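J.: One structure, as structure tokens, below. Some questions next.
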Amino acid sequence: MISILKSLWIVFTHLFKKKITVEYPDEKIILPPRYRGRIILSRDPDGGERCVACYLCAAACPVDCISLQATEDEYGRRYPEFFRINFSRCIYCGFCEDACPTYAIQLIPDVEMSEYNRNNMVYEKEDLLISGQGKYHGYNYYKVAGTAIGGKGKGEAMNEEKPTDFKTLLP
Amino acid sequence: MEANLHWIWIVLGVLIVVLSLAAGLIWYERRLLGWVQERQGPNRVGPLGLMQPLADVIKIFFKEDWIPPFTSRLIFVIAPMITMFTILMSFSVIPFGPTIVVADLNVGLLFFLAMSSLGAYSIVLAGWSSNNKYSLLGAMRGASQMITYEVFMGLSLMGVVMLANSFNLREIVEAQKGLWNVIPQFAGFVVFFIAGIAETHRLPFDIPEAEGELVAGYHSEYSGMKFGMFFVGEYLGIVLISSMITTLFFGGWLGPSFLPGVVWFFIKTMGFITIFILLRGSQPRPRYDQLLGYGWKVLLPIALLNILITGAIVLVIGN
């Protein structure tokens, strides 16, 4: 009997406690910076696309929501001709971000992507590309990679020595 | 003619106020339960979510009126009406104010007990006509629970009757002018309160519709407005038991004269409704045999002792 009255009293005092509900549409929550939300494609510091269309993200994707087509520009630089993510399939696992060798594909803390029409959930490259560098500032894939590309010869990359003339190594 | 019009106004007023109060309790209960669980409760429809009952009622009216083909049609349709009917009939004897009473019966208390006993039929018939084992189990539990608790619900009120020397609810209230019945009749109050919870099959005594065990108990097969009638019937039951407690033990409309009697009645009733909802928020559901055993072994002796002692005291003082 006493315990029933005591629990009634405890429940009554809880009427006036602060509510823990976050009233979401009126009151936005700040998601942690590493939250896995909407997927974006970032650019390098020079403004070029980071994506080299290697298909690793599409291969890593467990739900096959990424599709792209590789092509090359006149300097031999690879880039995606189209890059399409079907967000009605995406499970926001972040495997594409893990797989990406150039930090191009990134998940950002944005979850407000509801649509009335299912077809609007399919994002094309122009929807995915942002003008900034995303989470990894100052990283430029072609500036650190050893491969020769238009505008950058062998040995001109960052932290790379000039190619050795192998004939000087002969005994 | 003039007098007839007066009665029509009182009947309509009681009907409308009681029904809209029962509908409003949907919002009140959900909001209060939300608060005790440190949530917000419904707060989106209208200011403070006050339009939530309206939205629920509109929604439930537009639902398909579906009668499953395996049921006994006629009884299936009648059962929810019995709930509404018996509980609304009980409201006719309650004095909301010195003059606001629909039927000033000289056996008002017996009428209330009779009507609440008839309410057991709606559960039994609903569960039986549903032709569903869970519904039948719920109905059996409901029947035995209501029969058990009816016994000492009536017995617990006999002390009040002895003190007031009347079965008329208005006279019972007027007999409490000096001292509310809750003090001399505290045991009767406790027994009546517990029996009232069991009678309205509210949590923690919602054994006929225990959703963890019996889907939804006796109204598993009901949908649309027929389910709505059971639902409103349950809330009406809360209002009824709360106003009976107010009338019998807490002096009905009596109170300091700066507020009219009806307002005092309303305030006291809302207080008991709140306690009903807080009980739902705090107590776990007892086992079925625990409930019946508690009734027969604890509450019945208390009620009988209460009658014995009250009767002895009234006899001694009366002589």
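Protein sequences appear in the order of chains A and B.
First residue of the first sequence: 1, per my numbering; consecutive thereafter.
First residue of the second sequence: 1001, per my numbering; consecutive thereafter.
All residues carry an ideal CB built from backbone N, CA and C; glycine is no exception.
Computed from a prediction, not measured in an experiment: that's the story for all the values here.
Shorter than 8 Å from the beta carbon of Leu41 (chain A) to some beta carbon of chain B?
T.: Output row for Leu41 (chain A): interface = no.
J.: State the DSSP-derived secondary structure class of Val1263 (chain B), mapped to helix, strand or coil.
T.: Three-state DSSP puts Val1263 (chain B) in a helix.
J.: Going along chain A, which residues have a C-beta under 7 Å from Leu1278 (chain B)?
T.: In chain order: Leu8, Val11 and Phe12.
J.: Report buried or exposed for Glu112 (chain A), applying the criterion of at least 16 other Cβ atoms within 10 angstroms of its Cβ.
T.: Exposed, because fewer than 16 other Cβ atoms sit within 10 Å of the Cβ of Glu112 (chain A).
J.: Taking the alpha carbon of Gly1154 (chain B) as the reference point, which residue from B:Ala1114, B:Phe1186, B:Glu1174 and B:Ser1129 has its own alpha carbon closest?
T.: The option with the nearest alpha carbon to Gly1154 (chain B) is B:Ala1114.
J.: Take Val968 (chain B) as the anchor and find which of B:Ala1198, B:Glu1221, B:Val1161 and B:Phe1192 has the nearest alpha-carbon.
T.: The displayed coordinates of chain B run from 1001 to 1319. Any statement about residue 968 (chain B) would go beyond what the structure contains.
J.: How many Å lie between Asn1165 (chain B) and Leu1157 (chain B) at the Cα?
T.: Their Cα atoms are separated by approximately 12 Å.
J.: Please check if any C-beta of chain A sits within less than 8 Å of the C-beta of Arg1039 (chain B).
T.: Yes, because at least one Cβ of chain A sits closer than 8 Å to the Cβ of Arg1039 (chain B).
J.: Report yes or no: do three or more beta-carbon pairs, one from the segment 149-160 of chain A and one from the segment 49-61 of chain A, lie closer than 8 Å?
T.: At 8 Å Cβ cutoff, the stretches do not touch.
J.: Can you have a look at Gln1145 (chain B) and say buried or exposed, based on whether 16 or more other CB atoms are within 10 angstroms of its CB?
T.: Label assigned to Gln1145 (chain B): buried.
J.: As a quick exercise: from B:Ala1143, B:Glu1174, B:Leu1203 and B:Met1244, pick the residue whose alpha carbon is nearest that of Gly1188 (chain B).
T.: It is B:Met1244.
J.: Applying the 10 Å Cβ sphere with the 16-neighbour rule, what's the burial state of Arg38 (chain A)?
T.: Arg38 (chain A) should be labelled buried.
J.: Closer than 9 Å, Cβ to any Cβ of chain A: which residues of the segment 1280-1291 of chain B, in chain order?
T.: Listed in sequence order: Gly1281, Ser1282 and Gln1283.
J.: Work out the CA separation of Asp26 (chain A) and Pro1260 (chain B) for me, nearest whole Å.
T.: Distance between the alpha carbons of Pro1260 (chain B) and Asp26 (chain A): 41 Å.
J.: Going by beta carbon distance, what residues of the same chain come within less than 8 Å of Asn134 (chain A), once the five residues before and after it are set aside?
T.: Checking the sequence, you will find Gly at residue 134 (chain A) rather than Asn. Once the five neighbours on either side are set aside, the close Cβ partners of Gly134 (chain A) are Ile40, Ser42, Tyr103, Gln106 and Ile108.
J.: For the putative contact between Ala1139 (chain B) and Pro1208 (chain B), defined by C-beta atoms under 8 Å, what is the C-beta separation to the nearest angstrom?
T.: Confirmed, Cβ separation roughly 7 Å.
J.: By a C-beta neighbour count over all protein chains shown, 10 Å radius and 16 as the cutoff for buried, is His1006 (chain B) buried or exposed?
T.: Per the 10 Å Cβ criterion, exposed.
J.: Thinking Lys19 (chain A) and Arg1039 (chain B) are a contact (beta carbons under 8 Å), I'd like their distance in whole angstroms, please.
T.: Indeed, because the Cβ distance is near 6 Å, the residues count as touching under 8 Å.
J.: Any Cβ of chain A within less than 8 Å of the Cβ of Val1036 (chain B)?
T.: Chain A, which has a Cβ nearer than 8 Å to the Cβ of Val1036 (chain B), makes this yes.
J.: CB Arg1031 (chain B) to CB Val1101 (chain B), shorter than 8 Å?
T.: No, the pair does not count as a contact, with Cβ atoms beyond the cut-off.
J.: Would you report the Cα separation of Phe1192 (chain B) and Pro1284 (chain B), rounded to the nearest angstrom?
T.: Looking at the two C-alpha atoms, the distance is approximately 20 Å.
J.: Is Ala1120 (chain B) closer than 8 Å to Ile1320 (chain B) when the C-beta atoms are compared?
T.: This structure gives no information on residue 1320 (chain B), because the portion of chain B shown stretches from 1001 to 1319.
J.: Could you check where the alpha helix (DSSP H) with Ser1156 (chain B) kicks off and where it finishes?
T.: Where Ser1156 (chain B) is concerned, the enclosing alpha helix (DSSP H) stretches over Lys1133 to Ala1164.
J.: Can you give me the start and stop residues for the beta strand (DSSP E) that Arg78 (chain A) sits inside?
T.: Counting along the chain, the beta strand (DSSP E) containing Arg78 (chain A) begins and ends at Arg78 to Asn86.
J.: Check whether the segment 1120-1133 of chain B and the segment 1295-1307 of chain B are in contact - that is, three or more C-beta pairs closer than 8 Å.
T.: Counting Cβ pairs under 8 Å, fewer than three are found: no touch.
J.: Gln1176 (chain B) and Gly1251 (chain B) - do their beta-carbons sit closer together than 8 Å?
T.: Closer than 8 Å, so yes.
J.: According to DSSP, simplified to helix, strand and coil, what is Trp92 (chain A)?
T.: Trp is not the amino acid found at residue 92 (chain A); the sequence shown has Tyr there. In the structure shown, Tyr92 (chain A) sits in coil (DSSP, three-state: anything other than H, G, I, E or B).
J.: For the segment 89-104 of chain A against the segment 67-77 of chain A, are there 3 or more C-beta pairs whose distance is under 8 Å?
T.: The answer is no - the segment 67-77 of chain A does not touch the segment 89-104 of chain A, with fewer than three Cβ pairs under 8 Å.
J.: Which word fits Thr147 (chain A), buried or exposed, when buried means at least 16 other C-beta atoms lie within 10 angstroms of its C-beta?
T.: The residue in question, Thr147 (chain A), is exposed, as its Cβ has fewer than 16 Cβ neighbours within 10 Å.
J.: Can you check which of these residues, A:Glu156, A:Glu81, A:Leu31 and A:Thr168, is closest to Glu126 (chain A) by C-alpha distance?
T.: Ranking A:Glu156, A:Glu81, A:Leu31 and A:Thr168 by Cα distance to Glu126 (chain A) puts A:Glu81 first.
J.: Quick check: the segment 1266-1284 of chain B against the segment 1203-1218 of chain B, are at least 3 beta-carbon pairs closer than 8 Å?
T.: Short answer: they touch.
J.: Just to confirm before moving on: does the CB-CB distance between Phe1272 (chain B) and Phe1096 (chain B) stay below 8 Å?
T.: Going by C-beta atoms, Phe1272 (chain B) is not nearer than 8 Å to Phe1096 (chain B).
J.: Please list, in chain order, all residues of the same chain as Ser1242 (chain B) whose beta carbon is under 6 Å from its beta carbon, the five residues on each side excluded.
T.: Once the five neighbours on either side are set aside, the close Cβ partners of Ser1242 (chain B) are Thr1269, Phe1272 and Ile1273.
J.: Could you check if Lys1297 (chain B) is buried or exposed, using at least 16 other CB atoms within 10 Å of its CB as the buried criterion?
T.: Exposed.
J.: Among the candidates B:Ala1055, B:Glu1234 and B:Val1124, whose CA atom is the shortest distance from the CA of Ala1022 (chain B)?
T.: Checked all of B:Ala1055, B:Glu1234 and B:Val1124; the closest Cα to Ala1022 (chain B) is B:Glu1234.
J.: Check whether the segment 1211-1218 of chain B and the segment 1051-1060 of chain B are in contact - that is, three or more C-beta pairs closer than 8 Å.
T.: Contact between the segment 1211-1218 of chain B and the segment 1051-1060 of chain B is absent, because fewer than three Cβ pairs lie under 8 Å.
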